[in-house]
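Novice: The structure's right below; bear with me while I get my questions together.
Residue numbers (the UniProt record's numbering): 1 to 675.
See below:
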């Protein structure tokens, strides 16, 4: 069913003789639908990687480089030319490329690249095709717009059996059709990968779309009644846990609503759509006025692309900085030198709020006041609020970068993971051998740490999610099975809810598949349909309203430097932050607590969400990925979740009391970040 994965962005009448596979998110040969599709078009295929089209943090750049080194050798063994691209137009001209095939990514920066390539291919009459090689169920299969995780899950499971056994084998070519000598030198490759802390003035959310909150629902009942929840794997990754509902009930009391069945969710979706139409009619005049005010700015910014949420500061196909990517000078974006305080409101802090530990200099106080005056969230226009989010995010990026350099934090990084397909297979094998049998019982225990560790490999496309799922299913069913038998096997029936298996293996397989398949591809669904996937305005209206209603609640305050260096009064939060900075990983259950706690430390939830996403993107091997964004949004603004009993600061957002991991906390208390 390869046709379900293919999207023709530009067609050409010519039949291609040379095809360029431009790989960004799926950098592998084994089980790669995009590469397989290339060979259905022509025998002459180039495996190309342009590092500038990949975004990563310090940890990821090293990991990606290790993966590319093994990929280079694998391409040589398969007689596939492997090229590290400097200028696409130069490669196209030199090798007479007549078709470019992209791997699918819903992330903003990748879509900006897609748009740029689309314009280039139209000018040159080159075919451009995008192929989903990342998901088990192709992202285009679930087409309707639903708002709850249970509704998304139902649609994914309906198609799971159709796609789970698809595997795309690439055989060794008889000979290399061209020499790639001198075209794939990996020296300095890490420096060419785009740093996630680079400011992107044009890399904001779509102002034309005006956020998703008004469009996607308006009450906590629309949140998911998902029983599994979303807890325990590393890095907001494929195993971000699955029993948050159960854990939450023990710690916080029951939710406001018992949750509805999947059928009820669908009925609510339809009712909400009708209500939304009425609301849209009432708000149309107001939106038209806002659009007129924002139109000029959007044209200058290059925003308004509903798919990508804006044009990124990407290097153009011809090797120049695109006009859309030029960064305007903006004095208001100046970064304080010593501290970033949680500003954004004009109100006085409560007397029982603890003051910032690190004293701010006079210059910093001036800068903070300036930010309050020029970068406030008070505007009624969504476009203005999104601009403020973008400005403040860039401010936080610059400050995090300064803190890293000041304390030489990257020198403390010591990853336990090495990139490459063979290492991914080894990590998966160890998980199935040692931890999968107790995964369901201990997945939320940071003291036990039974998590798989394969999420970073899946995110970077060094191993396919399909291969991971099939290996786990085979383990659960006790040996080899044909595709037909496996489609009706106990593990498939268990995950779809058509069997109540008491088999110990099946319990663990089902729990793990819920994370590596259901939640990972739910994240893909969320990112594809929400231009504001990494900021507060990507939350549903009920979540925005409940957090805004608690703006005046007392809070503690820390500088951004104190947060980065894990110097807060909360040892559990500090432990998670230290683990992430030092190893590039954080236990998923700890990450839930880590993200939610930051809402208590910022005056504005907009800032808390932005910093949560930034810290995860900057220090985690699982950062800069859709599943990481959904993980943070689930924790902080209830995305794909439901409303709970009202609490201070959090409102109706699900709360947590702690991580219950004394050994974990004790271990990381012995480490100190920074100088």
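A virtual CB, placed ideally from N, CA and C, is assigned to each residue, including glycine.
1) Return the Cβ separation of residue 577 and residue 566 in integer angstroms, given the expectation that the two are a contact with Cβ distance under 8 angstroms.
2) Report back the beta-carbon spacing between residue 134 and residue 26 to the nearest angstrom; my notes put them in contact at under 8 angstroms.
3) What are the uninterrupted segments assigned as beta strand (DSSP E) that are 3 or more residues long and contained completely in the UniProt domain "Photolyase/cryptochrome alpha/beta" (17-139), given in chain order?
4) Looking at residue 66: is its Cβ nearer than 8 angstroms to the Cβ of residue 420?
5) Under 8 angstroms, do residue 44 and residue 61 count as touching if we go by C-beta distance?
6) Where does residue 324 land, buried or exposed, given buried means 16+ other C-beta within 10 angstroms?
7) Is the stretch 509-520 touching the stretch 601-610, taking contact as three or more C-beta pairs under 8 angstroms?
8) Considering only DSSP beta bridges, list what residue 473 is partnered with.
9) Between which two residues does the alpha helix (DSSP H) holding residue 438 run?
10) Could you pull the DSSP bridge partners for residue 7 from this structure?
11) What residue does the alpha helix (DSSP H) around residue 667 start on, and which one ends it?
12) In the DSSP output, what is residue 651 paired with across the bridge?
13) Quick one: which unbroken alpha helix (DSSP H) runs of 4-plus residues sit fully inside the stretch 558-630? Chain order, please.
14) Do you know offhand how far residue 338's Cα is from residue 537's?
15) I need the boundaries of the alpha helix (DSSP H) containing residue 428, first residue and last residue.
16) Could you pull out every residue in the same chain whose Cβ sits closer than 7 angstroms to the Cβ of residue 141, ignoring the five residues on either side in sequence?
17) Verify whether the separation of the beta carbon atoms of residue 48 and residue 83 is less than 8 angstroms.
18) Compute the Euclidean distance between the alpha carbons of residue 674 and residue 407, then round it to the nearest angstrom.
19) When you compare only the Cα positions, how much space is there between residue 636 and residue 394?
20) If you count every other CB in all the chains shown that lies within 10 Å of the CB of residue 40, and 16 or more means buried, which is it?
21) Starting from residue 381, follow the alpha helix (DSSP H) in both directions and report where the run begins and ends.
22) I believe residue 100 touches residue 128 by the beta-carbon criterion, under 8 angstroms. Please report the beta-carbon distance rounded to the nearest angstrom.
23) Residue 626 and residue 106 - do their beta-carbons sit closer together than 8 angstroms?
24) Cβ atoms of residue 29 and residue 78: under 8 angstroms apart, would you say?
25) Under 8 angstroms between the Cβ atoms of residue 582 and residue 413?
26) What are the boundary residues of the alpha helix (DSSP H) that residue 156 is part of?
27) Alpha carbon to alpha carbon, how far is residue 402 from residue 560?
28) If you drop the 5 nearest sequence neighbours on each side, which residues of the same chain put their C-beta closer than 7 angstroms to that of residue 64?
29) Looking at the secondary structure, which residues open and close the alpha helix (DSSP H) in which residue 545 lies?
30) Looking at the unbroken alpha helix (DSSP H) that takes in residue 505, where does it start and where does it end?
31) Just to confirm the assignment, what range does the alpha helix (DSSP H) spanning residue 191 have?
32) When you compare the CB positions of residue 522 and residue 653, do they come within less than 8 angstroms of one another, or not?
33) At the level of alpha carbons, what is the spacing between residue 114 and residue 553?
34) Please report how far the alpha carbon of residue 386 lies from the alpha carbon of residue 532, in whole angstroms.
35) Straight-line CA distance for residue 248 to residue 656?
36) What distance in whole Å lies between the Cβ atoms of residue 529 and residue 601, which are believed to be in contact at a cut-off of 8 angstroms?
Specialist: Walking through what the data contain:
1) 4 angstroms
2) 6 angstroms
3) 18-22, 44-49, 82-84, 99-103, 127-131
4) yes
5) no
6) Here the model assigns residue 324 a pLDDT of 43, short of 50, so the residue's position is not dependable, and the following value carries that caveat. So residue 324 ends up on the buried side.
7) no
8) According to DSSP, residue 473 bridges with nothing at all.
9) Here residue 438 belongs to no alpha helix (DSSP H), and DSSP marks it neither H nor E.
10) 130
11) 662-669
12) 647
13) 560-564, 571-583, 588-598, 605-619
14) Since pLDDT at residue 338 reaches only 38, below the 50 mark, its modelled position is unreliable, and the value read off the structure follows with that caveat. Approximately 29 angstroms, taken between the alpha carbons.
15) 421-434
16) 4, 159
17) yes
18) 5 angstroms
19) 20 angstroms
20) exposed
21) Counting along the chain, residue 381 falls outside any alpha helix (DSSP H), and DSSP gives it neither H nor E.
22) 5 angstroms
23) yes
24) yes
25) yes
26) 149-163
27) 11 angstroms
28) 54, 56, 193, 419, 460
29) 541-548
30) 504-513
31) 189-192
32) no
33) 44 angstroms
34) 9 angstroms
35) Here the model assigns residue 248 a pLDDT of 43, short of 50, so the residue's position is not dependable, and the following value carries that caveat. Roughly 7 angstroms between the two C-alpha positions.
36) With 8 angstroms as the limit, residue 601 and residue 529 do not qualify as a contact, their Cβ atoms being about 30 angstroms apart.
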